[in-house]
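Read through the structure below, which is laid out as structure tokens, and then see the notes.
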């Protein structure tokens with residue numbers, strides 16, 4: 064590719080950790096031009112799932128990577144929940160919400176193991192190596208960076224060790240730490256791990272049950288002691304249970320990690336006290352999972368970055384942990400890809416990752432903290448609130464039949480509050496474009512006409528790269544007059560131009576690879592458009608090529 068720097072790196076990017084965040088980072092970075100290697104200290108690829116839910120925003124972001132069809136093939140997109148308040152039962156439909164601006168207007172129940180498998184298969188198809196049983200041990204004796212005296216970014220020298228104890232190394236331009244809540248990479252970024260443990264912990268178990276529970280439903284039990292969930296997505300048995308209990312004071316399990324098995328009689332007690340009306344016949348697998356709420360003080364700086372659980376730790380409330388990690392990865396991956404192939408370093412672009420995603424993580428942590436307080440906190444106020452819920456059970460069916468209420472709940476879990484308006488790459492041109500989201504806001508899905516054909520916006524943007532949306536009357540010379548675009552071969556594999564016949568006007572909107580509006584202008588002047596494209600690395604910076 065034009066402008067690619069010559070380095071002695073083994074790859075542009077080394078990803079440490081092959082969970083959802085790490086695999087998505089690798090896939091997104093590779094799709095946007097980077098060479099990538101992934102390592103994970105786990106010797107076995109398949110592991111029991113901790114997360115079981117994808118929300119619309121994560122699916123929207125994964126769509127250009129070509130994996131959503133495979134994910135939906137393994138998912139339940141029309142879940143029906145049965146909520147048990149002692150003897151009272153209320154049903155809630157969680158599929159096909161009234162959300163016209165997304166192609167995924169539903170909760171999506173899918174095992175984390177299936178998400179990881181789909182992402183892994185996509186990387187295999189693209190020739191990206193994922194090496195199991197390889198542990199990141201630290202930075203090499205050369206130090207973190209080797210600037211080499213050149214104008215480009217330095218190199219990361221990572222020390223690795225395989226399962227047999229053999230030492231090795233890997234040199235890359237960038238390193239993404241996606242190695243979980245006990246992250247080794249985080250220690251090399253200088254980040255403080257701020258927050259606290261929860262006073263309750265999760266118990267996961269795969270069960271065979273006796274009783275009349277319908278396996279086609281998600282069962283939720285609300286009790287004074289907390290919540291319990293049962294759904295027929297078990298991996299070692301028919302049913303998976305998620306329940307909470309007071310945290311053990313002396314636990315050998317790492318926070319957010321699958322800990323030791325839970326005694327079968329304790330699993331049976333948790334299910335019995337939930338009031339779900341089923342009894343444990345067999346416990347095929349179980350694990351204790353200590354919980355915490357924490358946020359890294361920095362998500363890293365070039366060339367070391369953090370994403371997923373290495374950057375933030377959540378309770379399981381609202382199913383946000385896996386989704387938030389995937390959204391980190393979608394944001395970081397395209398920036399690392401463009402930084403790997405641009406004509407010069409892109410420090411301003413890479414700095415926006417931490418600015419954008421740390422603020423988003425703070426907001427998501429606040430949401431999950433509030434939800435988890437209501438669901439499981441031992442605080443007297445929370446226990447009292449849960450004890451009063453059965454009183455309101457008779458009116459809940461009326462409320463839940465109101466599609467608007469259910470739709471707003473599903474929308475909230477998809478993080479509509481995450482915006483990047485104050486980012487250095489969220490820019491308005493002159494004059495401002497009317498009728499489009501502000502830069503830094505998500506591009507909604509909406510019907511459009513392109514070349515006389517009916518389409519939707521997310522259909523147009525469902526391939527990797529930056530997308531320029533030209534209004535109907537924008538000048539034909541908008542792009543062709545720009546020498547930077549001509550030198551970079553014009554619109555290419557990672558720059559797409561769409562003229563919207565259905566939108567009168569002369570403006571242009573630039574959509575980032577992660578689905579957010581980056582730039583808009585009421586006049587599609589090439590100087591303003593190309594300046595933004597150079598800022599994000601979508602076209603070469605000519606001054607850095609000579």
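Residue numbers (the numbering used here): 64 to 609.
No residue lacks a Cβ here, since even glycine has one placed at the ideal position from N, Cα and C.
All values reported here derive from a predicted model rather than from experimental measurement.
Exercise. Just the Cα atoms here: how many angstroms apart are residue 346 and residue 146?
Worked result: When rounded, the distance between both Cα atoms is 23 Å.
For this session: Can you tell me which of the three DSSP states residue 385 falls into?
Result: helix
Exercise. When the Cα of residue 527 is compared with those of 91, 73 and 80, which residue comes out closest?
Worked result: The shortest CA-to-CA distance from residue 527 to any of 91, 73 and 80 is the one to 91.
Exercise. What are the start and end residues of the beta strand (DSSP E) that includes residue 574?
Worked result: For residue 574, the enclosing beta strand (DSSP E) covers residues 571-574.
Exercise. Out of curiosity, what's the CA-to-CA distance linking residue 578 and residue 180?
Worked result: Those two C-alpha atoms are separated by around 24 Å.
Problem set entry | Separation of residue 154 from residue 272, as counted between CA atoms | One C-alpha to the other measures close to 21 Å.
Problem set entry | the region 493-513 / the region 372-391 touching (three or more Cβ pairs under 8 Å) | Look at the beta carbons and you see the region 493-513 not touching the region 372-391: under three pairs across the two are nearer than 8 Å.
Exercise. If you pair each beta-carbon of the region 331-350 with each one of the region 278-289, do three or more pairs fall below 8 Å?
Worked result: yes
For this session: Tell me, to the nearest whole angstrom, how far the beta carbon of residue 93 is from that of residue 401; I am working on the premise that it is less than 8 Å.
Result: Not confirmed; about 12 Å, so no contact.
Problem set entry | C-beta contact flag for residue 300 and residue 277 at 8 Å | Not closer than 8 Å, so no.
Problem set entry | Meets three-Cβ-pair contact criterion under 8 Å: the region 98-109 and the region 405-416 | Contact fails: fewer than three Cβ-Cβ distances are below 8 Å.
For this session: Look up residue 558 in the DSSP assignment and give the residues it is bridged to.
Result: 529
Exercise. Just curious, the alpha helix (DSSP H) that residue 235 is in, first and last residue?
Worked result: Unbroken run through residue 235 is the beta strand (DSSP E), 230-240; no alpha helix (DSSP H).
Exercise. Hey, is the region 485-499 in contact with the region 580-595, meaning 3+ C-beta pairs nearer than 8 Å?
Worked result: The region 485-499 is in contact with the region 580-595.
Exercise. Leaving out five residues before and five after residue 296 in sequence, what residues of the same chain have Cβ atoms less than 7 Å from its Cβ?
Worked result: Its chain contains 115, 172, 174 and 303 as the residues whose beta carbon lies nearer than 7 Å to that of residue 296, once the 5 sequence neighbours on both sides are disregarded; these appear in chain order.
Problem set entry | Residue burial classification, residue 127 (beta-carbon count within 10 angstroms, cutoff 16) | buried
Problem set entry | Minimum C-alpha distance to residue 529 - residue among 500, 601, 178 and 476 | 601
Problem set entry | Three-state class that DSSP yields for residue 179 in the structure shown | Under the three-state reduction of DSSP, residue 179 is assigned to helix.
Exercise. What first and last residue would you give for the beta strand (DSSP E) that runs through residue 101?
Worked result: Taken as a continuous stretch (DSSP letters only), the beta strand (DSSP E) holding residue 101 covers 99-103.
For this session: Could you tell me which uninterrupted alpha helix (DSSP H) segments, each at least 4 residues in length, are contained entirely in the region 146-196, listed from first to last along the chain?
Result: Qualifying alpha helix (DSSP H) stretches, in chain order: 175-188.
Exercise. Taking only runs of the beta strand (DSSP E) that begin and end inside the region 288-344, which ones reach a length of at least 3 residues, in chain order?
Worked result: 289-294 and 302-309
Problem set entry | Boundaries (first-last residue) of the beta strand (DSSP E) holding residue 272 | 256-274
For this session: For residue 595, name the three-state secondary structure that DSSP assigns.
Result: If DSSP states are grouped into helix, strand and coil, residue 595 belongs with the helices.
Exercise. Are the CB atoms of residue 226 and residue 196 nearer to each other than 8 Å?
Worked result: Result yes, Cβ atoms of residue 226 and residue 196 sit closer than 8 Å.
Exercise. Using the C-alpha atoms, what's the distance from residue 150 back to residue 483?
Worked result: Going from the Cα of residue 483 to the Cα of residue 150 covers about 46 Å.
For this session: Pull up the distance between the alpha-carbon of residue 645 and that of residue 353, whole angstroms please.
Result: Because residue 645 is not part of the residues shown, which for the chain are 64 to 609, the question remains open.
Exercise. Should residue 467 go down as buried or exposed, given a rule of 16 or more other Cβ atoms within 10 Å for buried?
Worked result: exposed
Exercise. Got a sec: does the ligand FAD put a non-hydrogen atom nearer than 7 Å to the Cβ of residue 594?
Worked result: Here there are no bound small molecules, and the ligand FAD is not part of this structure.
Exercise. Around the Cβ of residue 106, are there at least 16 other Cβ atoms within 10 angstroms (buried) or fewer (exposed)?
Worked result: exposed
For this session: May I ask you to verify whether the region 252-260 touches the region 349-368, counting CB pairs closer than 8 Å and requiring at least 3?
Result: Output reads yes: the region 349-368 touches the region 252-260.
Exercise. Taking the alpha-carbon positions, what's the residue 148 to residue 453 distance?
Worked result: A straight-line Cα-Cα distance of about 5 Å links residue 148 and residue 453.
For this session: To the nearest angstrom, report how far apart residue 531 and residue 490 are at their CA atoms.
Result: 14 Å
For this session: Assign residue 275 to one of two classes, buried (16 or more other C-beta atoms within 10 Å of its C-beta) or exposed (fewer than that).
Result: exposed
For this session: With DSSP as the reference, please indicate the residues paired to residue 397 in a beta bridge.
Result: Paired residue(s): none; residue 397 is not in a bridge.
Exercise. Residue 127 by DSSP, collapsed to three states: which one?
Worked result: helix
Problem set entry | Where the alpha helix (DSSP H) containing residue 435 begins and where it ends | 410-439
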